[in-house]
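Q:
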């Protein structure tokens, strides 16, 4: 093997020095600096979580007040009854009462199968258009608010008489229910 020239020895020495610096960087300095960066990122994440949790905790009193206000309104949106049968009875009675109070004549009223937590019924009868408008307005604006599932209006007599007089009405309505104390 021949002896290395001065130029080759310098090149090898520089390469070994660069390799030594790279190894020191990769094995000692880079992990040390990366640890600082990782801890800084973790501090930012924890700070953001702390601020988010602080906002949530500070919002609890306002949310509690809102829930109390909404709890007072639940009677407006739910029909309270001890059981499903009584809820259906109350809904049928309300439909019958509203129909009769506006001057309509009830010919039939019946339950409709409904999912748990709600009552559903239909009422059928005859009334005039102003009476129908008054009944729908009352049903829509008095608690517990009913959901009008369907409304069928038939004016068969209008073809015979030539004027809109008595309408055949079938109204199907439902209401969410809540268990209530007996």
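In our numbering, the protein residues as written are 9 to 190.
A virtual CB, placed ideally from N, CA and C, is assigned to each residue, including glycine.
None of these values were measured; they are calculated from a predicted model.
If you reduce the DSSP assignment to three classes, tell me which class residue 179 lands in.
A: In this structure, residue 179 counts as strand in the three-state DSSP scheme.
Q: If distances are taken between C-alpha atoms only, which option among 11, 168, 144, 93 comes closest to residue 158?
A: Checked all of 11, 168, 144, 93; the closest Cα to residue 158 is 144.
Q: Give the straight-line distance between the Cα atoms of residue 57 and residue 77, rounded to the nearest whole angstrom.
A: Using only the alpha carbons, I get a separation of about 30 Å.
Q: Going by the beta-carbon positions, is the gap between residue 156 and residue 181 smaller than 7 Å?
A: Contact: yes.
Q: In the structure shown, what three-state DSSP assignment does residue 127 receive?
A: In this structure, residue 127 counts as strand in the three-state DSSP scheme.
Q: Would you mind listing the beta strand (DSSP E) stretches within the stretch 11–89 that are 3+ residues and don't spill past its ends, in chain order?
A: Counting whole runs of 3 or more residues, the stretch 11–89 contains the beta strand (DSSP E) stretches 87–89.
Q: Am I right that residue 120 and residue 133 are in contact with their C-beta atoms under 8 Å? What's the rounded C-beta distance?
A: With a Cβ gap of about 16 Å, residue 120 and residue 133 do not count as contacting.
Q: Could you say which of 53, 88, 17, 22 lies nearest to residue 183 if we only look at CA atoms?
A: For the residues 53, 88, 17, 22, the minimum Cα distance to residue 183 belongs to 88.
Q: Would residue 152 and residue 86 qualify as a contact pair, given that the criterion is a beta-carbon distance under 7 Å?
A: Yes; because the gap between Cβ atoms is below 7 Å, this pair is in contact.
Q: Where do the N-terminal and C-terminal ends of the beta strand (DSSP E) with residue 119 fall, by residue?
A: Run containing residue 119: 113–119, per the beta strand (DSSP E) assignment.
Q: So for residue 160, helix, strand or coil by DSSP?
A: Three-state DSSP puts residue 160 in a strand.
Q: Ordered along the chain, which non-local residues of its own chain (more than five positions away) have a Cβ less than 8 Å from that of residue 135?
A: These residues qualify, in order along the chain: 107, 110, 111, 112, 113, 143, 174, 175, 177.
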